[in-house]
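Take the sequence shown: its letters are residues 1 to 337, numbered as in UniProt numbering.
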Amino acid sequence: MSHLNKTIKDVAKHANVSVATVSRVLNNLDRVSDKTRKKVKKAIEELQFVPNSLAASMITKQTKMIATIVPNIQNSFYTSVIQATADVAKAEGYFTFVFPTNDSVEEEEAFFQGVLSKNVEGIVLVGTQTNPDAYKTIDKQIVLVDRYIENSGLDGVVIDNFRGAYEATTHMIEKGHTDIAILSGPTIYSNWKERYWGYQQALKDHGIKANPAYMKEGNWQEDSGYEMTLNLMRMDQPPTAIFATSYILCTYAINAIRDMNLVIGEDISLVGFDENDLAQFIRPKVTVVRRPTYEMGTHAATMLINKLKHKNKLDPHPKKLTLSVELLKNGSVKDLK
1 MSHLNKTIKD
11 VAKHANVSVA
21 TVSRVLNNLD
31 RVSDKTRKKV
41 KKAIEELQFV
51 PNSLAASMIT
61 KQTKMIATIV
71 PNIQNSFYTS
81 VIQATADVAK
91 AEGYFTFVFP
101 TNDSVEEEEA
111 FFQGVLSKNV
121 EGIVLVGTQT
131 NPDAYKTIDK
141 QIVLVDRYIE
151 NSGLDGVVID
161 NFRGAYEATT
171 HMIEKGHTDI
181 AILSGPTIYS
191 NWKERYWGYQ
201 QALKDHGIKA
211 NPAYMKEGNW
221 QEDSGYEMTL
231 NLMRMDQPPT
241 AIFATSYILC
251 TYAINAIRDM
261 NLVIGEDISL
271 VGFDENDLAQ
281 FIRPKVTVVR
291 RPTYEMGTHA
301 ATMLINKLKH
311 KNKLDPHPKK
321 LTLSVELLKN
331 GSVKDLK
């Protein structure tokens, strides 16, 4: 039997789950455990299952479908990009589906290798962790969001990470802080590296020598920001201010500060990157670098669809669109002057 003739019942039988469960996975709905979701996706790939609505379009390779690949769907930055991509796609007559990788390089690469990637015309790829060389074997139009990879040949939509970090650090310096720590993600990635550079340059421009003990590099795990904050505050000479360079790092820095019975804006100053729910609900509200998340998704989807519509007129030179950020000054930085 051709893979185009496989049905959802075949997938359910192969994965030993109900038809309803397969449907929920195909539509990316909740109420499916990670274990079951992986089992269904594996069955789909092994059977090379293609939904009926896509079968005919696959023959012409014009499925009018694009995928948005994100690390997870819990982070508001990713959900905002997802919404923007869907809105632009709908207006242009395209369908979208979301593929969360659960912050796993293996799952991201599995998407590219699997049958799901063959069903889409293009991909909006957010916060990728995959080795850049892997993209060279993918016969799809791809636009990156929040990360730009030199020499990859891929277009990208990013923000001015350097400027955002520079302004955040300068704000703390102008309030009288010199002992300023930074919580960073892996600096092998462009966005983290640029924020790190912005922090360092601001210190240098104001005549402050960077203290290596205050420069912490972690990962995407929730306990990373928490542990780094605890370690900083337990130092003999702890920093007076912390710059948390992501939504997750800021959230768990707040948790650590609370667990130590310290008061933000009094005992320790804090600046975050991205607005997040916890940072906005506590008092004082946390000063943050706000990036235009919805606009990033809008630009990425527009760039991708333009590439799909004008395949014969593609610019061989990759485009990099850099959007501005804004520092929202709230009450989380104590004035030491």
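The beta-carbon is built from N, C-alpha and C at its ideal position, and this holds for glycine as well.
All values derive from a computational prediction rather than experimental measurement.
What does a CB cutoff of less than 7 angstroms around residue i pick up in its chain, not counting 5 residues either side in sequence?
i: Thr298; result: Ala84, Val88
i: Gly114; result: Glu45
For residue i, which residues of its own chain have a beta-carbon under 6 angstroms away from its beta-carbon, when the five flanking residues on both sides are left out?
i: Met1; result: With a pLDDT of 46 at Met1, under the threshold of 50, the modelled position of that residue is not reliable, and no figure is offered here.
i: Ile82; result: Thr68, Val98
i: Ala244; result: Leu183, Cys250, Ala253, Gly272
i: Val120; result: Met65, Ile66, Ala67
With 16 as the cutoff for other CB atoms within 10 Å, does residue i come out buried or exposed?
i: Asn161; result: buried
i: Asn16; result: exposed
i: Lys334; result: buried
i: Gly331; result: exposed
i: Arg147; result: buried
i: Lys236; result: Checking the sequence, you will find Asp at residue 236 rather than Lys. Per the 10 Å Cβ criterion, exposed.
i: Glu194; result: buried
i: Ser104; result: exposed
i: Ile188; result: exposed
Based on the DSSP output, what are the partners of residue i in its beta bridges?
i: Phe273; result: Val289
i: Gln141; result: Gly122
i: Ala181; result: Ile242
i: Leu328; result: Val288
i: Ser100; result: Correcting the residue identity first, residue 100 is Pro in this sequence and not Ser. Paired residues: Val70.
i: Phe95; result: Met65
i: Leu323; result: Ile159
i: residue 350; result: With the chain represented from 1 up to 337, any question about residue 350 goes unanswered, as that position is not in the structure.
Would you kindly work out how many angstroms separate the C-alpha atoms of residue i and residue j, rounded to a whole number?
i: Thr170; j: Gly198; result: 10 angstroms
i: Ile8; j: Glu109; result: 24 angstroms
i: Tyr166; j: Met296; result: 21 angstroms
i: Met58; j: Gln48; result: Only weak support exists for where Met58 lies, its pLDDT of 46 falling under 50; the value from the coordinates is given anyway. Straight-line Cα distance between these residues: approximately 12 angstroms.
i: Tyr226; j: Lys13; result: 44 angstroms
i: Gln74; j: Tyr135; result: 26 angstroms
i: His317; j: Gly156; result: 12 angstroms
i: Ser246; j: Asp274; result: 6 angstroms
i: Gly122; j: Tyr78; result: 18 angstroms
i: Glu107; j: Glu266; result: 43 angstroms
Can you find the residues in the same chain that come closer than 8 angstroms, C-beta to C-beta, to residue i, ignoring five residues on each side of it along the sequence?
i: Met260; result: Leu230, Met233
i: Ile242; result: Ile180, Ala181, Ile182, Leu183, Thr229, Leu232, Ala253, Ile268, Ser269, Leu270, Val271
i: Lys307; result: Gly122, Gln141, Val143, Asp155, Leu314
Taking 8 angstroms as the threshold, find out whether the segment 285-292 comes into contact with the segment 313-327 through three or more Cβ pairs.
yes
Under 8 angstroms: do the segment 229-238 and the segment 209-219 share three or more Cβ pairs, one atom per stretch?
yes
Please determine if the segment 202-213 and the segment 173-181 are in contact, where contact requires at least 3 C-beta pairs separated by less than 8 angstroms.
Using a C-beta cut-off of 8 angstroms, the segment 202-213 makes contact with the segment 173-181, since at least three inter-stretch Cβ pairs fall below that distance.
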